[in-house]
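Quick mapping for you: the protein sequence lines, in order, are chains A and B.
Its first residue numbered 1, the first sequence is counted upward by one per residue in the numbering used here.
Its first residue numbered 297, the second sequence is counted upward by one per residue in the numbering used here.
Don't be surprised by glycine CBs; every beta carbon is placed ideally from N, CA and C.
Accompanying notes for the structure given below.
There are 2 protein chains.
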Amino acid sequence: MDLKEELKKKALLVENALEGYLPLPDTYPAVIHQAVRYSVFAGGKRLRPALVMAGAEAVGGDPQKVLPAACALELLHTYSLVHDDLPAMDNDDYRRGKPTSHKVFGEAVAVLAGDALLTLSFQLLAENAAGGSAGPEDVLRVIGEVAVAAGTFGMIGGQVVDIFSAGRAVDADTIKYIHSHKTASICRVAVRAGAILAGAKEAPLAALTDYAGHLGLAFQIKDDLLDFEGEAEKIGKPVGSDLRNKKATYPLVFGVEEARAEAGRAADRALAALECFGSEVEFLRRLAYFVIDRES
Amino acid sequence: MDLKEELKKKALLVENALEGYLPLPDTYPAVIHQAVRYSVFAGGKRLRPALVMAGAEAVGGDPQKVLPAACALELLHTYSLVHDDLPAMDNDDYRRGKPTSHKVFGEAVAVLAGDALLTLSFQLLAENAAGGSAGPEDVLRVIGEVAVAAGTFGMIGGQVVDIFSAGRAVDADTIKYIHSHKTASICRVAVRAGAILAGAKEAPLAALTDYAGHLGLAFQIKDDLLDFEGEAEKIGKPVGSDLRNKKATYPLVFGVEEARAEAGRAADRALAALECFGSEVEFLRRLAYFVIDRES
Numbered sequence: 001m002d003l004k005e006e007l008k009k010k011a012l013l014v015e016n017a018l019e020g021y022l023p024l025p026d027t028y029p030a031v032i033h034q035a036v037r038y039s040v041f042a043g044g045k046r047l048r049p050a051l052v053m054a055g056a057e058a059v060g061g062d063p064q065k066v067l068p069a070a071c072a073l074e075l076l077h078t079y080s081l082v083h084d085d086l087p088a089m090d091n092d093d094y095r096r097g098k099p100t101s102h103k104v105f106g107e108a109v110a111v112l113a114g115d116a117l118l119t120l121s122f123q124l125l126a127e128n129a130a131g132g133s134a135g136p137e138d139v140l141r142v143i144g145e146v147a148v149a150a151g152t153f154g155m156i157g158g159q160v161v162d163i164f165s166a167g168r169a170v171d172a173d174t175i176k177y178i179h180s181h182k183t184a185s186i187c188r189v190a191v192r193a194g195a196i197l198a199g200a201k202e203a204p205l206a207a208l209t210d211y212a213g214h215l216g217l218a219f220q221i222k223d224d225l226l227d228f229e230g231e232a233e234k235i236g237k238p239v240g241s242d243l244r245n246k247k248a249t250y251p252l253v254f255g256v257e258e259a260r261a262e263a264g265r266a267a268d269r270a271l272a273a274l275e276c277f278g279s280e281v282e283f284l285r286r287l288a289y290f291v292i293d294r295e296s
Numbered sequence: 297m298d299l300k301e302e303l304k305k306k307a308l309l310v311e312n313a314l315e316g317y318l319p320l321p322d323t324y325p326a327v328i329h330q331a332v333r334y335s336v337f338a339g340g341k342r343l344r345p346a347l348v349m350a351g352a353e354a355v356g357g358d359p360q361k362v363l364p365a366a367c368a369l370e371l372l373h374t375y376s377l378v379h380d381d382l383p384a385m386d387n388d389d390y391r392r393g394k395p396t397s398h399k400v401f402g403e404a405v406a407v408l409a410g411d412a413l414l415t416l417s418f419q420l421l422a423e424n425a426a427g428g429s430a431g432p433e434d435v436l437r438v439i440g441e442v443a444v445a446a447g448t449f450g451m452i453g454g455q456v457v458d459i460f461s462a463g464r465a466v467d468a469d470t471i472k473y474i475h476s477h478k479t480a481s482i483c484r485v486a487v488r489a490g491a492i493l494a495g496a497k498e499a500p501l502a503a504l505t506d507y508a509g510h511l512g513l514a515f516q517i518k519d520d521l522l523d524f525e526g527e528a529e530k531i532g533k534p535v536g537s538d539l540r541n542k543k544a545t546y547p548l549v550f551g552v553e554e555a556r557a558e559a560g561r562a563a564d565r566a567l568a569a570l571e572c573f574g575s576e577v578e579f580l581r582r583l584a585y586f587v588i589d590r591e592s
């Protein structure tokens, strides 16, 4: 199967499952459930849940059985987008071609919708992640790891440094910190969650973690490049928003050529991390080049 | 021991434990860890963690063993205060006599500090809540219940209705919904967490849940009354802020006399729920009247 087809197939599974997990839009108090659904079903590549499923497949597990965890990681990602877009943060009016949550529902509901998505993410993990090879200890391990990856030593830490770096001269270490904490940490924990819940041993788990860290970096550098030189109608938000927000990005710090080269090297390193695996990681292998070749 | 002394003793245990769980204030990125600590150590009665410990004691458990869960509930409560105070929400400049998080650290960091506190709360539960009589299944049950109580069918739902009720004529059902979801749901899950982690059977668990629901209502009505008629220097924020924010409150909807009477009845019902217990719930019994007799 074509990589894009495979991604779409995984995205469809996740979206169907999310449809069942999220309260219906007329559930009281309706506005919050409408806001939650608005952002969750606004499109998106569903990369993180795909990594959860692929993490399970890589160690011989059934990707269907880790669907709750896959959905939890997508809710976590969506929460981070809703809060990042807030006026007090990046102040973005558009995301994936649609007005952002606070533009539609107001700032108060957008803050609470993000809070609700984060809370739901942990609820989903606690209530549904067991099954297959996973025992309750494995689920607790995943919840703890997800919290660390999302917290001040992971995603939130990256967002803090990102905000304080805006408009300043940023060095190479800082931009690497931002990318590895804002993006790569969630990619790492996504693939780990799937693998742990499928009963992974420590050696393949470490290799998959290594892969996902490089993949996340390649993905984020490509995001920077698309914002820098992409076409607005393809990426769904105005091009150059990073520049306008004076954001620290790879092309800005290293130049476009070096950013492209580094994305390629990160994809190579991601691929190299998979050497100990066979055909069970075919999806992950092709994903490494997809993330840097994509146009949106 | 005097009830106030007992509350202070429990608060001290919780604050010492939190000191160990929270990253040091100079940990990179420092501003977020400073913001987290600023709000956690801004004082407060530590009522919710006291309920966690008392829930364990009520069923013969060791309150020290549920300290991580007690701390997790305080972090959850603190997150809700930081986000509630934001300009887009209640826009409060003072809390417990100190400037609110966004006044000190700016709005972006305040949003992220709330996010970090919520995330840390689940991390603490997943990593440390086991021990004593609790197995990993009990911990997962607690995490799931905390997420539900904090989510759109609990605290967030209450906050949504609270915000949308401001400035409108509010009926009795709406104010009861707000109070039972914003405040009582977390009190209920606090006492349940302690009891479940101490190996509670279902019957005492149900009685404790019943108690905490009534206690939470009594506590919140008293909060409304203090804001309505209290003294600013005692409660640590300007009196009448609910009125200025056109908040739906018990005294506003039912009148001061009826609000006082309902707080008393809620305390009576809380007490009645403890009938099946002996001296092991002495703290909870005295707490029922403390929450409506307090002056701050």
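Problem set entry | Other residues of its chain near B/L320: CB distance less than 8 Å, five sequence neighbours each side excluded | So the qualifying residues of the chain are H329.
Exercise. By the 10 Å Cβ neighbour count, where 16 or more other Cβ atoms means buried, how is A/S80 classified, buried or exposed?
Worked result: Of the residues assessed, A/S80 falls on the buried side of the cut-off, its CB having 16 or more other CB atoms within 10 angstroms.
Exercise. Taking contact to mean at least 3 C-beta pairs separated by less than 8 Å, is the region 105 to 121 of chain A in contact with the region 384 to 394 of chain B?
Worked result: Segment contact: the region 105 to 121 of chain A against the region 384 to 394 of chain B, three or more CB-CB distances shorter than 8 Å; contact assigned.
Problem set entry | Inter-stretch contact at 8 Å, needing at least 3 Cβ pairs: the region 252 to 267 of chain A / the region 169 to 186 of chain A | The way I'd put it, the region 252 to 267 of chain A does touch the region 169 to 186 of chain A; three or more beta-carbon pairs between them come closer than 8 Å.
Problem set entry | Selection from B/A557, B/P500 and B/I517 that minimises the alpha carbon distance to B/K543 | Nearest C-alpha to B/K543 among B/A557, B/P500 and B/I517: B/I517.
Problem set entry | Under 7 Å (Cβ pairs) to chain E, residues found in the region 371 to 393 of chain B | Among the chains of the structure shown, chain E does not appear; the protein chains present are A and B.
Problem set entry | Chain-ordered chain B contacts of A/L118 [CB-CB under 8 Å] | Residues of chain B passing the Cβ test: D411, L414 and T415.
Problem set entry | Residue from B/T470, B/Q455, B/D523 and B/D434 whose Cα sits closest to the Cα of B/K497 | Ranking B/T470, B/Q455, B/D523 and B/D434 by CA distance to the CA of B/K497 puts B/D434 first.
Problem set entry | Three-state secondary structure assigned by DSSP to B/P547 | Here B/P547 sits in helix by DSSP.
Problem set entry | Presumed contact (8 Å Cβ cut-off) between A/I156 and A/A218, rounded CB distance | 22 Å between Cβ atoms; not a contact.
Exercise. Of all Cβ atoms in chain B, is any one closer than 8 Å to the Cβ of A/Q220?
Worked result: Not one chain B Cβ lies under 8 Å of A/Q220.
Problem set entry | Nearest-angstrom Cβ-Cβ length linking B/A368 and B/L421, presumed shorter than 8 Å | Yes, B/A368 and B/L421 are in contact; Cβ-Cβ is about 5 Å, under 8 Å.
For this session: Report the rounded CA-to-CA distance for A/G240 versus A/L287, giving the unit in angstroms.
Result: In a straight line, the C-alpha of A/G240 is about 26 Å away from that of A/L287.
Problem set entry | B/L314 vs B/A425 beta-carbon contact at 8 Å | Result no, Cβ atoms of B/L314 and B/A425 do not sit closer than 8 Å.
For this session: Just the C-alpha distance for A/S297 and A/A116, rounded to the nearest angstrom, thanks.
Result: Any property of residue 297 of chain A remains undetermined from this structure, which presents chain A solely from 1 to 296.
Exercise. Helix, strand or coil: how does DSSP classify A/P25 here?
Worked result: A/P25 carries a coil assignment under DSSP once its states are collapsed to helix, strand and coil.
Exercise. Touch check for the region 436 to 450 of chain B and the region 8 to 16 of chain A: three-plus C-beta pairs under 8 Å?
Worked result: Contact fails between the region 436 to 450 of chain B and the region 8 to 16 of chain A, because fewer than three Cβ pairs, one in each stretch, are under 8 Å apart.
Exercise. Cα separation between A/I175 and A/A261?
Worked result: When rounded, the distance between both Cα atoms is 16 Å.
Problem set entry | Under 7 Å by beta carbon: chain B residues contacting A/A108 | The CB of A/A108 comes closer than 7 Å to the CB of A384, M385 and I459 in chain B, given here in chain order.
For this session: Look up A/A134 in the DSSP assignment and say whether it is helix, strand or coil.
Result: A/A134 falls in the strand class under three-state DSSP.
Problem set entry | Cutoff 6 Å; reference A/Y211; Cβ partners in own chain excluding five residues on either side | Counting only Cβ-Cβ distances below 6 Å, and skipping sequence neighbours, we find A270, A273 and L274.
For this session: For the alpha helix (DSSP H) holding A/C187, just list the boundary residues, first then last.
Result: Looking at the DSSP string, the run of the alpha helix (DSSP H) that includes A/C187 is S185 to L197.
Exercise. Is the region 337 to 347 of chain B in contact with the region 474 to 489 of chain B, if contact means three or more CB pairs nearer than 8 Å?
Worked result: Taking 8 Å as the limit for Cβ pairs, the verdict is that the region 474 to 489 of chain B does touch the region 337 to 347 of chain B.
Exercise. By the 10 Å Cβ neighbour count, where 16 or more other Cβ atoms means buried, how is B/G574 classified, buried or exposed?
Worked result: B/G574 is classed as exposed because its beta carbon has fewer than 16 other beta carbons within 10 Å across all chains shown.
Exercise. Roughly how many whole angstroms lie between the Cα atoms of B/R391 and A/D26?
Worked result: Approximately 34 Å, taken between the alpha carbons.
For this session: Using a Cβ cut-off of 8 Å (strictly closer), state whether A/H179 contacts chain B.
Result: No, its Cβ sits nowhere closer than 8 Å to a Cβ of chain B.
Problem set entry | Residues from the region 429 to 441 of chain B in contact with chain A, defined by Cβ distance under 7 Å | Closer than 7 Å at the C-beta level to chain A, one finds these residues of the region 429 to 441 of chain B: P432, E433, V435, L436, I439 and G440.
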